[in-house]
Amino acid sequence: MKMNALDWISMILLVIGGLNWGLVGFFEYDLVAEIFGAGSTGAKIVYDLVGIAALYSIFGAAKMGRKSQPAM
Numbered sequence: 099m100k101m102n103a104l105d106w107i108s109m110i111l112l113v114i115g116g117l118n119w120g121l122v123g124f125f126e127y128d129l130v131a132e133i134f135g136a137g138s139t140g141a142k143i144v145y146d147l148v149g150i151a152a153l154y155s156i157f158g159a160a161k162m163g164r165k166s167q168p169a170m
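Numbering (my numbering), first residue to last: 99 to 170.
Written as structure tokens, this is what we have:
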């Protein structure tokens, strides 16, 4: 399946979010908050975009799952 631009953006945001959560979990270091400021509008936007990317990916995975099931 070929990925479109929105798929790539979503994947990049999910990688950023995953790496940030890894830093938080292993080192108690929030890179997004460090860059934009804890509780800042910029940090909130990044967190919101990562969440939206996750939802987009959930629906995309469900859609792919429906396509791959054999017809009955």
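Every residue gets a Cβ at the ideal spot worked out from N, C-alpha and C, and that includes glycine.
Query	Result
Identify, in the order they occur along the chain, each residue of the same chain with its Cβ nearer than 7 Å to the Cβ of N118, setting aside the five sequence neighbours on each side.	D128, L129, V130
When you compare only the Cα positions, how much space is there between A141 and M162?	31 Å
In the DSSP assignment, the alpha helix (DSSP H) including G115 goes from what residue to what residue?	103-125
Only counting the same chain, and skipping five residues up and downstream in sequence, which positions put a Cβ closer than 7 Å to that of S108?	A151, Y154, S155
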